[in-house]
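Student: To start, I am sharing the structure in question, which I have written as structure tokens.
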Amino acid sequence: MSGQFWLALVDTADMVGFTLTFSVNLVLLGLIRTRGKNLGTYKYLMSFFSCFSMFYAIVESILRPIMHIENTTFFLISRKRFEYSDRLGKINSAFYCACFATSFVLSAVHFVYRYFAACK
1 MSGQFWLALV DTADMVGFTL TFSVNLVLLG LIRTRGKNLG TYKYLMSFFS
51 CFSMFYAIVE SILRPIMHIE NTTFFLISRK RFEYSDRLGK INSAFYCACF
101 ATSFVLSAVH FVYRYFAACK
């Protein structure tokens, strides 16, 4: 299979993921707003998680990254959607990596919150 096929597949998966992320998270935000009265402070965590997911989808759609992990090495290849300088490209890559790491931190906070909620 050619590299062009894989790039087309990645672009299609990106658009499907972007669409699903926004549609599902907008429904979730609507449910939290209308029916989340008994969730207490958990609704704020879920709302933040949902908003961050939509923000991350926008960043990923703009930067169009391709990640590759080999042993202990992490490669990030950004396929430009717009023309910009090398310096801005490096900043964008660092920003994407920060968003990627933030998603793990948010998941950890979520699990810690649920642990303490279950221990009450």
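The UniProt record's numbering puts the first residue of the sequence shown at 1, with every later residue one more than the last. Backbone N, C-alpha and C fix where the C-beta goes; we use that ideal spot for every residue, glycine too. Being a predicted model, the structure only gives us computed values, none of them experimental.
1) Just tell me which of W6, V59 and R79 has its CA closest to the CA of S103.
2) Should S2 be labelled buried (16 or more other beta-carbon atoms within 10 Å of its own) or exposed?
3) When DSSP labels each residue in this structure, what does S78 get in the three-state scheme?
4) Would L26 be called buried (16 or more neighbouring beta carbons within 10 Å of its own) or exposed?
5) Can you tell me whether DSSP reads T102 as helix, strand or coil?
6) Rounded to the nearest angstrom, what separates G30 and F22 at their Cα positions?
7) If you draw a straight line from the C-alpha of K80 to the C-alpha of G40, how long is it?
8) Start and end of the alpha helix (DSSP H) containing E60?
9) So is Y96 buried or exposed if we call it buried at 16+ other beta carbons inside 10 Å?
10) Can you name, in chain order, every residue of its own chain whose Cβ lies under 6 Å from the Cβ of N38, other than the five neighbours on each side?
11) Helix, strand or coil for T73, going by three-state DSSP, please let me know.
Tutor: Looking at the atomic coordinates:
1) Residue mapping note: residue 103 aligns to position 103 of the sequence shown, counting from 1. The shortest C-alpha separation from S103 is found at V59.
2) Looking up residue 2 in the sequence shown gives position 2. The residue in question, S2, is exposed, as its Cβ has fewer than 16 Cβ neighbours within 10 Å.
3) Here residue 78 refers to the residue found at position 78 when the sequence shown is read from its first residue. Here S78 sits in strand by DSSP.
4) Taking the sequence shown and counting its residues from 1, one reaches residue 26 at position 26. Counting Cβ neighbours within 10 Å, L26 comes out exposed, since fewer than 16 surround it.
5) Locating residue 102 in the sequence shown gives position 102, counting from the first residue. DSSP places T102 in helix when its eight states are reduced to three.
6) Along the sequence shown, one-based indexing puts residue 30 at 30. Along the sequence shown, one-based indexing puts residue 22 at 22. The alpha-carbon atoms of G30 and F22 are separated by roughly 12 Å.
7) Numbered from its first residue, the sequence shown carries residue 80 at position 80. Numbered from its first residue, the sequence shown carries residue 40 at position 40. Taking the straight line joining both Cα atoms gives about 42 Å.
8) Walking along the sequence shown from the start, residue 60 turns up at place 60. Start and end: Y42 to L63.
9) Taking the sequence shown and counting its residues from 1, one reaches residue 96 at position 96. The residue is buried, with at least 16 neighbouring Cβ atoms inside 10 Å.
10) Taking the sequence shown and counting its residues from 1, one reaches residue 38 at position 38. Excluding positions up to five away in sequence, the list is empty.
11) Reading the sequence shown from its first residue, position 73 is the one you call residue 73. Looking at T73 - three-state DSSP - the assignment turns out to be strand.
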